[in-house]
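Chains Y and H are the protein sequences, given in the same order. Per my numbering, the very first residue in the first sequence carries number 1; after that it's consecutive. Per my numbering, the very first residue in the second sequence carries number 10001; after that it's consecutive. Using N, Cα and C, we set each Cβ at its ideal position, and we do this for glycine too. Keep in mind the model is a prediction, meaning the values are calculated, not measured. Here the structure comes first, spelled out in structure tokens, and everything after it is commentary.
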Amino acid sequence: MECFHWLRHHCQQLVASDRACGWYSTDSLAAKGQQEACGAAAQGRLGGKRRTVIARRGPYQAEYHDVSKEFQGNAIRTTKYSLLSFVPMNLFQQFQRVANLYFLFLVLLNWVPAVEAFQKEITMVPLVVVLIVIAFKDALEDYRRYLFDKKVNDNLVRIYSSKQNAYIDQHWQDVRVGDFIRLSCNEIIPADVLLLYSSDPRGICYIETANLDGETNLKQRQVVTDLPLQGSELTPESFYCRIECENPNYNLGRFRGYMEHSNKVRVGLHNNNLLLRSCTVRNTDTIIGIVIYAGHETKAMKNNSGPRYKQSRLERRLNMDVLWCVLLLFAMCLTAAIGHGLWLKRWIDPIYSIAEQISPTLAGFYVFWTMIIVLQVLIPISLYVSIEIVKLGQIYFIQNDLALYNEQLDSGIQCRALNITEDLGQIQFLFSDKTGTLTENKMVFQCCTIYGVQYPHKENGVFLVLARCKAGSFTTTTQSPMAAWHEKAKAGQDTSNVGLTNPSDQMTDVLQDKGTQGDYCGDDNAPHGRAETLGVSRQALEDWASGLYESRQMAIDDQLVYEAESPDEAALVHAAQAYHCTLRGRSVGGLTVDLLGTAGCLDIHLLHVLPFDATRKRMSVVVRHPLTGQVVVYAKGADSVIMDLAKKPHTPAGEGYSNIREQTQKHLDNYARDGLRTLCIAKKVLDEEHYEAWLKGQLLAETSIENREELLMESAQRLETNLTLLGATGIVDRLQEEVPETIEALQRAGIKVWVLTGDKQETAVNIACACKLLGPNDQILTANCGSKDACEALLQQLLSEVGGRDVGEGLSRPSDGENVASSNSAAGDFILIMDGQTLEWALKDELKGGFLELSRQCKAVICCRSTPLQKSQVVQLVRNHLNVLTLAIGDGANDVSMIQVADVGIGISGQEGMQAVMSSDFAISRFKHLRKLLLVHGHWCYSRLANMILYFFYKNVMYVNLLFWYQFFSGFSGSVMTNSWILILFNLLFTSVPPLVYGVLDRDTPAEILMEWPELYRASPNSKVYVSSTFWLTILDAFYQSLVCFFIPYLAYAGSDVGVLAFGSPINASALLIILLHQIIESNTLMWMHIAVLLGSGVFYFVFTLLFSMGCVTCSPPTNPVGVETLQMSQPLFYMVCALTTVTALLPRVLIRALLNSMSSSFAKMDKSGPKEYVERMRWWNRTRSRTRTLRVSADDPGLEPSDNLMVS
Amino acid sequence: MGKEAAKKGPLASRPDNSAFMQQRLPAWSPMLTASTVLPFLYCMAALCMFLGVLLLITVEGTQEMKMDYTEAGSCNDCFKFLQNVINAGKSCSCKVMIPLEQEFKGNVFFYYGLQNFHQNLRKYMDSRDDAQMVGRKYNLKKPSPYCEPYITDKNLPIAPCGAVANSMFNDSFSLWYHSPSGPIAVPLYRNGITWYTDENVKFRNPYSNQSLAQAFNGTTKPPYWQQPVYKLDPSNPNNNGFINEDLIVWMREAAFPNFKKLYGILKRTKEPFTNGLPAGNYSINISYNFPVQHFNGRKQVVLSTVTWFGGQNRFLPIAYLVTSGLVLLMAVILTVIWWKFGRNAKNMEE
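Have a look at this one:
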């Protein structure tokens, strides 16, 4: 099937490329590559990699038409079909499914006179029904898309019109590349627009990208620099510029190009100048821009990918079993063919044979194909359609679950992948990101260290949920530096005046600290003193924080609301505000800071911002110090990077500096241990010459088009050298609610939880501890090593240690199940902690075996300092080599690769934008939702679907075999004892709806019990519903039932004057009863809907057959069912036979069910003795099954001694 | 959609808190355990036992007499006579004796039976035209292609077309009772042997205001037949054409290769047949026409009384009794296990 999805996609791409990638790609992000290829094709036509944009109503109108011929208009069409093309296109797409091809093949086969089994029209019925159902669904979806497109296209926007020389309202779809459009505040941007004018005097405009990536913070966009017409409002008539830029692509974060003025001066264009379609203009009165990309060429549209197609593990199994069915079909048809050949050989010329003289071999060959038509139902083709419908129903219920709804965000779960619901019920490994997934990603400033002295921020102390784990150590650290700080504050000059005037709330002393801080700022006596540094570093913090965000004044309570790109930065600005160092506003060239000690606002001239990137792991600002006038570089970044850059002391007090560095490092370690996120701050004072020199390089880099990123990076690295360490901040990231409970539940459910984080080891361990990933008795195995060999040795050592204990435990394991459970939990489990470097080695081919073996023995694995690539490699390794179902959950862009690699990818729609959500299969808003999603919905979806599939197989095999047995009495000629209409409709109408309801609504265990006893997720033997043993048992049962269902009527009617159709009547009726009752036996719950559908199916069958037998005189040649059923159903024999058949056929299953339910603990028992005992027993049962495996693994390395020095516990 | 649009406000996308949406609908859990199944099983065993005994008693009250006449008595000569290819299509009559040891009480049905005759072959079964049988003029002259290869004969459409009609059984019987006072012809109803729907809906003669022969003008008889369809029953002019009851009975294809078809029902108007067939010696005069040697077939006549659930068939009562035994056995096993398990469960609780 996967292959066919691909094929379908490919065909769509082919058609799509004709219209220059006209519609949404319907495939996953993997399709991006193809999009690129497709883009390249378009580029080829345009001749070159660039596009030139000229103002449409500007001075170069003649040239405009040449240039913009190939550009798309702004009308979007996301529909797949038009009114005319619907039928052929939809048919074409539908016939790309194997199922439909199979049906088509049968239809065509039935047209061959020699093998014709039914009337020609009848074989078409299933195909037509399936085609119509799917086409109807497609049409409905497409119509919805059409309405949406229409709504979007009909939006109004003001476009410049040269005739009226004014901006007039026009529809979005009339926007063309090169148009000038004018937007006001809160309007949505209709296309990708280059910002040429903003009413803001600084030439900036704010946009909200929520529609694009879900981020609600405002982003700042800049008018193209050095525009000669800046200041006065732009006049399109005199726009003599040409714009050269890249061809359309999907990269939201990149835009390169230049604008060439009439005097041949080129100005670089970058992402900051581009306003993307579907963003909203905020806080800016008017902007004017020129359209660069329109319609489907906009970046927003290029990024729009439809639902993802993944194949679930269950479906792969299913395909295997369908193959078995094909084999079974072949076997049956072959039997019939050979049987017919042999049968035919015995007669010379019987009166009843049709006179054609064909050899028995040829006749057998014909019969083979006839039988394929007759027994077609054996291949459960309708199963695929049914599964799709059932999954839609399951998703409907998942999406409507109140427990997965988050009131704060007003968002529930988002199911993006429609066909892997049942995989949720079989997860064995869970890979989780830490920040934003386990934690809130809402940062709160906790404490900082400045020049080696620690300053805690008391206000947030109460939030220190993380400290629970190491509670003792933390409280002491909070207390002592406070006291120390007081002394120091007293020692300074002009200490208290300002501070004491503050309101006397519980934070007085904190504020007071800050108050003195402000004073120190202007103090000349301590040019390199701590106070100044603190003050400046605060300022620096603000610079960074405000460097990218907007501060808005809320009218109601006169409070500043900061919006930040990263939560860390917001935390810093808020902290600074708490210390009365308030960021008041931002302008192009600087920012205004309210500093308590100074008289009023301080304007800081911001020279440069070197934005954060992942490779540098830091960002910097260049400012002119407001008091000294020096050019100062402040750098903020990960401790590892900054500490390295600030290694060399270049202040006179060299020794003191290294002392400070040491102290800071110590504090950093402490912070990390307390689970804080650390950021280091360093500065560098530049003299003017150096600054000028650097500036030149920077400007060059900024204006270059080729290699711009590389040049900018180089330039930044040139600047960020010889830094002086100022201090570090500790920011606490609160754990999300119910995370420990969720993790505990998942672990109880048998899911191994791995945490893959980019954070420091100590932080990671701390978080793991806080969220109960680490139990108090667990043994921690730490793997940090510098080389591959060391890594190999370490892995061996750890393995032997783990293995050693396991063997010992295995030998001493008592036979009683409950004791095992208790002894095991007391001893604790192993937790493996690895850092990024070691992980790198461990992922190498030679070592990964050991790594896997080791990690399999551990309850949890924590990988710190891991890169996004490593995350995905780990997931891939586990997924491919342990052959388990993996789930990856994350919230940020760095988790995207991991989410895509895992079998089930879950994105958390949180603070860090929507990239993770965009690439995920399911998007949830809190980590705790995972619990219900997996334990309840996953379990249900799996058991429902698995049961339904088994039932489907059963149903088909059972019914088809009835026809097969008849061949033994009809000379293997392919005749059937049922009217062909009823035969075809039996599967299509009479027995198709109950399994659907069953697959959507059945609940094998109530939700509360599943939530309360996560062990049921894996422990219950029922959780393995669909394995080969159950498949073959089901087939066997189907065989038995069909034997009973055929031979009881046969023996009851043998030798009588019964006609063919009259004989088929009780068989059909009892088959229907058996099939429906079988479902009642198999269902765990029956709801009124389910009962109604079952009853409805039964009644429908009888009504239909009776009406058919009364009304159909010549409608079904050559067999004529008139009067057969009515007569049969008026005879007591019919009911006697049906009753006996039904009872006998269902006996074994009833017996087995009753036995199983009585022997294994049943829920009836559970009501008496409570579920606890049940779960204990399940656990024991599970353990006894898995024991052999554990022993085998651990026996590999029994003799080695565990080494103590590796234990960190 | 409309409902969603109607909801506005901060919790716009909150799902409905309905029992259906939250999957909290009340449900009956058909969990099959020993305690729930056992009463049902015992009831079922008792019921099956009752039905089995009832059926057995009924079946024991029926009589059936089968007589294979393929090579029996003087029919052996006819069998050999017809084996000779030269004599194909010729008529031969013979006589077989049937002794009835017991009196056949009530309605006695006279069947002819065929063995090894596959009326259920797919191609054979399909080779008929129901539209023609319904009496449609168009189909009379232009039979359906399904009738292949018996559509036309010498450029004339065959009526009734197709292999089924062509191979119609054409032996005829007369039953004689050898009473002490000499042989008496046993009177048989030769009509009323078909279903109501067959005679009135499924088979109609083509309409003609003249004679039946006129209605079939322009058609020809099936090649194996000796008489055209409108001359099938010389004794009863209303039993000719497509509504000839022997033809209708034959056209209802039998489900198995060994089958019997109704030939007549005892006319219980005259003594000594008012109570059925008295015990004694009977003979059947057979007009032996139907060749069976090509397919190793056997021909027989069956005399049988019927009950409310059909002819004499001991399978059903026995099957009911066996099922009853099986269910009972199952119930006993389950009881034992349930009892044992109940003890186990108590142990575990301790």
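In the structure shown, residue 670 of chain Y adopts helical secondary structure according to DSSP, grouped into three states.
Residue 72 of chain Y and residue 177 of chain Y have their C-alpha atoms spaced approximately 8 Å apart. Between the beta-carbon of residue 286 of chain Y and that of residue 208 of chain Y there is about 17 Å, and that puts the pair past the 8 Å contact cut. Taking 9 Å as the cut-off between beta carbons, the residues of the region 10326-10341 of chain H near chain Y are 10326, 10327, 10330, 10333, 10334, 10337, 10338 and 10341, in sequence order. For residue 65 of chain Y, no beta strand (DSSP E) run applies; the uninterrupted alpha helix (DSSP H) run containing it begins and ends at 61-67, by DSSP. Listed by position along chain Y, the residues whose Cβ is nearer than 8 Å to that of residue 10202 of chain H are 1113, 1120, 1122 and 1123. In chain order, 125, 126, 129 and 382 place their CB closer than 8 Å to the CB of residue 988 of chain Y, counting only its own chain and leaving out the 5 sequence neighbours on each side. Within chain H, no residue has its beta carbon less than 9 Å from that of residue 360 of chain Y; the closest one is some 14 Å off. Contact between residue 340 of chain Y and residue 973 of chain Y holds, with the beta-carbon distance rounding to 6 Å and staying under 8 Å. Here residue 1062 of chain Y has 1124 and 1128 as same chain residues with Cβ atoms under 6 Å from its own Cβ, once five neighbours each way along the sequence are excluded. The Cβ of residue 1060 of chain Y sits closer than 8 Å to at least one Cβ of chain H.
Between the alpha carbons of residue 368 of chain Y and residue 380 of chain Y lies a gap of roughly 19 Å.
The count of Cβ pairs closer than 8 Å, one atom from the region 1092-1103 of chain Y and one from the region 10276-10296 of chain H, stays below three, leaving the stretches out of contact. With respect to the 8 Å criterion, residue 438 of chain Y and residue 885 of chain Y are not classified as neighbours on the basis of their beta carbons. In the structure shown, residue 973 of chain Y adopts coil according to DSSP, grouped into three states. The C-beta of residue 83 of chain Y has fewer than 16 other C-beta atoms within 10 Å across all chains shown, which makes the residue exposed. When secondary structure is reduced to three states using DSSP, residue 10168 of chain H falls in the coil class, being assigned neither helix nor strand. Per DSSP, the beta bridge partners of residue 161 of chain Y are Y/166.
Look at residue 385 of chain Y here: in three-state DSSP terms it is helix. The alpha carbon of residue 756 of chain Y has as its nearest neighbour, out of Y/1151, Y/866 and Y/193, the alpha carbon of Y/866.
Residue 278 of chain Y has its alpha-carbon roughly 15 Å from the corresponding atom of residue 205 of chain Y. In the DSSP assignment, residue 1090 of chain Y falls within the alpha helix (DSSP H) that extends over 1088-1111. Proximity of residue 10225 of chain H to chain Y, defined by a Cβ-Cβ separation below 8 Å, is not satisfied. Under DSSP, residue 10183 of chain H shares a beta bridge with H/10178. Annotated three-state conformation of residue 10197 of chain H is helix, per DSSP. Here DSSP, grouped into helix, strand and coil, assigns residue 10302 of chain H to strand.
Using a Cβ-Cβ cut-off of 8 Å, residue 10250 of chain H does not count as an interface residue toward chain Y, since no Cβ of chain Y sits closer than that to its own.
Listed along chain H, the residues sitting closer than 7 Å to residue 1144 of chain Y by beta-carbon distance are 10323. Looking only at H/10200, H/10315, H/10333 and H/10075, the smallest Cα-Cα distance to residue 10058 of chain H is reached by H/10315. Below the 8 Å Cβ cutoff, chain H contributes no neighbours of residue 158 of chain Y, its closest Cβ being approximately 28 Å away. For a Cβ distance threshold of 7 Å, residue set 10032, 10033, 10034, 10037 and 10334 of chain H lies close to residue 1154 of chain Y, ordered along the chain. Minimum Cα-Cα distance from residue 676 of chain Y among the listed residues Y/697, Y/169 and Y/449 corresponds to Y/449.
Identification of chain H residues near residue 324 of chain Y by a Cβ-Cβ cut-off of 7 Å yields none; the smallest Cβ-Cβ distance measures about 27 Å. With contact defined as three or more Cβ pairs closer than 8 Å, the region 917-933 of chain Y and the region 410-418 of chain Y are in contact.
Residues of chain Y whose Cβ lies closer than 8 Å to the Cβ of residue 10015 of chain H are, in chain order, 399, 400, 401, 402, 405 and 412. Apart from sequence neighbours up to five positions away, the residues of its chain that approach residue 10255 of chain H with a beta-carbon distance below 7 Å are 10120, ordered along the chain.
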